[in-house]
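**Q** Below you'll find the structure I mean.
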Amino acid sequence: MTEQVTTEPETTVTLLLLGDPGCGKSVFLSRLKNVRRRTQAQTDLDNTPAQPDHLRDSDQPFAYDIHFSKKSFTLEVYDTSYPNQHWSTLSPNVAVIAFDISNRETLAGLREWRNDITRYFQHGYGERIPVMMLGLKRDLREEGEGIIYPQETYRIAQELRCDRYAECSALTGELLGETFEDIARLAGMSITDKGGQTAGGCSIL
Numbered sequence: 001m002t003e004q005v006t007t008e009p010e011t012t013v014t015l016l017l018l019g020d021p022g023c024g025k026s027v028f029l030s031r032l033k034n035v036r037r038r039t040q041a042q043t044d045l046d047n048t049p050a051q052p053d054h055l056r057d058s059d060q061p062f063a064y065d066i067h068f069s070k071k072s073f074t075l076e077v078y079d080t081s082y083p084n085q086h087w088s089t090l091s092p093n094v095a096v097i098a099f100d101i102s103n104r105e106t107l108a109g110l111r112e113w114r115n116d117i118t119r120y121f122q123h124g125y126g127e128r129i130p131v132m133m134l135g136l137k138r139d140l141r142e143e144g145e146g147i148i149y150p151q152e153t154y155r156i157a158q159e160l161r162c163d164r165y166a167e168c169s170a171l172t173g174e175l176l177g178e179t180f181e182d183i184a185r186l187a188g189m190s191i192t193d194k195g196g197q198t199a200g201g202c203s204i205l
């Protein structure tokens with residue numbers, strides 16, 4: 001299928017992915033690396049286990065061409081492990097704070113990451129960028145003491161004033177395509193006049 005050519009000027013949206021070391025950010029990005037068409041994310045990212053590609057920090061930002069809703073733009077993603085550019089010096093349009101669903105310490109760490117977003121990127125009264133909360137390693141959620149249920153994470157996302165919450169497994173591919181599509185839509189909204197912030201609270205995928 002041939003993509004319709006758009007006459008809109010090329011636009012770049014910068015996304016910053018934050019989260020504690022080991023929470024699964026790099027594996028998540030590696031599974032997205034070979035996606036060709038974002039409008040067909042569910043097809044390209046099927047729910048089958050796959051060996052993630054090795055990503056190098058020198059390859060950052062990781063770029064994705066987005067085409068949907070008559071909009072076309074390039075999504076540039078920066079991971080916090082990038083060694084030559086401290087993340088606080090960037091000017092992101094969207095921020096995603098990630099945690100490991102099987103590790104409560106990474107969930108607790110989101111509060112500090114959220115505070116850092118306000119500290120570094122909120123430059124005036126009432127100004128803020130869209131923030132999405134992302135649960136990774138969904139395949140490791142197991143019944144037992146300390147389990148992190150979606151209801152709890154959704155509540156925390158609301159407390160942290162996140163605009164959206166989603167979770168997925170990069171290893172198995174479960175909800176991976178849907179999650180990336182949600183990220184892409186939030187990124188696209190950030191460059192509209194209305195912006196990507198939700199007026200009535202956090203949306204859940």
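Per the UniProt record's numbering, the sequence shown runs over residues 1 to 205. Just so you know, even glycine gets a beta-carbon here, dropped at the ideal spot from N, CA and C.
Ignoring anything shorter than 4 residues, give me the alpha helix (DSSP H) runs that lie fully in the segment 123–205, in order along the chain.
**A** For secondary structure counted as the alpha helix (DSSP H) over 4 or more consecutive residues, the segment 123–205 holds these complete runs in sequence order: 150–159, 176–189.
**Q** In angstroms, rounded to a whole number, what distance separates the CA positions of L175 and S102?
**A** For the purposes of this step, residue 175 is taken as the residue at position 175 of the sequence shown. For the purposes of this step, residue 102 is taken as the residue at position 102 of the sequence shown. Between L175 and S102, the C-alpha separation is close to 17 Å.
**Q** Give me, in chain order, the residues of the same chain whose beta-carbon lies closer than 7 Å to that of G146; leave out the 5 immediate sequence neighbours on both sides.
**A** Along the sequence shown, one-based indexing puts residue 146 at 146. Only R104 meet the Cβ criterion.
**Q** Would you identify the three-state DSSP class for L16, choosing helix, strand or coil?
**A** For the purposes of this step, residue 16 is taken as residue 16 along the sequence shown, with counting starting at 1. DSSP places L16 in strand when its eight states are reduced to three.
**Q** Using the rule of at least 16 other Cβ atoms within 10 Å of the residue's Cβ for burial, across every protein chain shown, is S88 buried or exposed?
**A** Taking the sequence shown and counting its residues from 1, one reaches residue 88 at position 88. Burial call: exposed.
**Q** Just verifying my parser: in three-state terms, what is the DSSP assignment at T106?
**A** Taking the first residue of the sequence shown as position 1, residue 106 is located at position 106. DSSP places T106 in helix when its eight states are reduced to three.
**Q** Do V77 and L186 have their beta-carbon atoms positioned less than 8 Å apart in this structure?
**A** Walking along the sequence shown from the start, residue 186 turns up at place 186. Walking along the sequence shown from the start, residue 77 turns up at place 77. Remark: C-beta atoms of L186 and V77 do not approach each other more closely than 8 Å.
**Q** Can M132 and I183 be called in contact, C-beta distance under 8 Å?
**A** The residue given as residue 132 occupies position 132 in the sequence shown. The residue given as residue 183 occupies position 183 in the sequence shown. Yes.
**Q** Check K70 in the structure and name its three-state DSSP category.
**A** As a position in the sequence shown, residue 70 is number 70, starting the count at 1. In the three-state reduction of the DSSP assignment, K70 falls in the coil class, being assigned neither a helical nor a strand state.
**Q** Our contact map puts F28 next to L136 with C-beta atoms below 8 Å; I'd like the distance itself, whole angstroms only.
**A** One-based indexing of the sequence shown puts residue 28 at position 28. One-based indexing of the sequence shown puts residue 136 at position 136. The Cβ separation is near 6 Å, so the contact holds.
**Q** Quick check: what's the CA-CA separation for I129 versus Q158?
**A** Locating residue 129 in the sequence shown gives position 129, counting from the first residue. Locating residue 158 in the sequence shown gives position 158, counting from the first residue. For I129 and Q158, the distance between alpha carbons rounds to 15 Å.
**Q** Near T43, which residues of its chain fall below 6 Å by C-beta distance, leaving aside the five closest residues on each side in sequence?
**A** Counting from 1 along the sequence shown, the entry for residue 43 is found at position 43. Legend: pLDDT at T43 = 40, less than 50; position of this residue unreliable, value from coordinates given subsequently. Here the set comprises nothing.
**Q** Within the same chain, show all residues whose beta-carbon is closer than 8 Å to that of R114, passing over the 5 residues directly before and after it, in chain order.
**A** To locate residue 114, count along the sequence shown from 1; it is residue 114. Within the same chain, R114 has close Cβ partners I97, V131, L160, R161, C162.
**Q** Per DSSP, F62 forms a beta bridge with which residues?
**A** Here residue 62 corresponds to residue number 62 of the sequence shown, with the count starting at 1. V77, per the DSSP bridge assignment.
**Q** Here's the rule: buried if 16 or more other CB atoms are within 10 angstroms of the residue's CB, otherwise exposed. What is A149?
**A** Stepping through the sequence shown from its first residue, residue 149 is reached at position 149. Looking at the sequence itself, residue 149 is Tyr, so the reference to Ala does not match. Looking at its Cβ environment, which holds fewer than 16 other Cβ atoms inside 10 Å, Y149 is exposed.
**Q** Tell me, to the nearest whole angstrom, how far the beta carbon of L32 is from that of Y64; I am working on the premise that it is less than 8 Å.
**A** Within the sequence shown, numbered from 1, the residue matching residue 32 stands at position 32. Within the sequence shown, numbered from 1, the residue matching residue 64 stands at position 64. About 7 Å; that satisfies the 8 Å criterion.
**Q** Please report how far the alpha carbon of W60 lies from the alpha carbon of G188, in whole angstroms.
**A** Indexing the sequence shown from 1 puts residue 60 at position 60. Indexing the sequence shown from 1 puts residue 188 at position 188. The question names Trp, but residue 60 in the sequence shown is Gln. Their Cα atoms are separated by approximately 20 Å.
**Q** Since C23 and D116 should fall inside the 8 Å C-beta cutoff, what is the C-beta to C-beta distance between them, to a whole number of angstroms?
**A** Numbered from its first residue, the sequence shown carries residue 23 at position 23. Numbered from its first residue, the sequence shown carries residue 116 at position 116. Actually they do not touch by this definition, with Cβ atoms about 15 Å apart.
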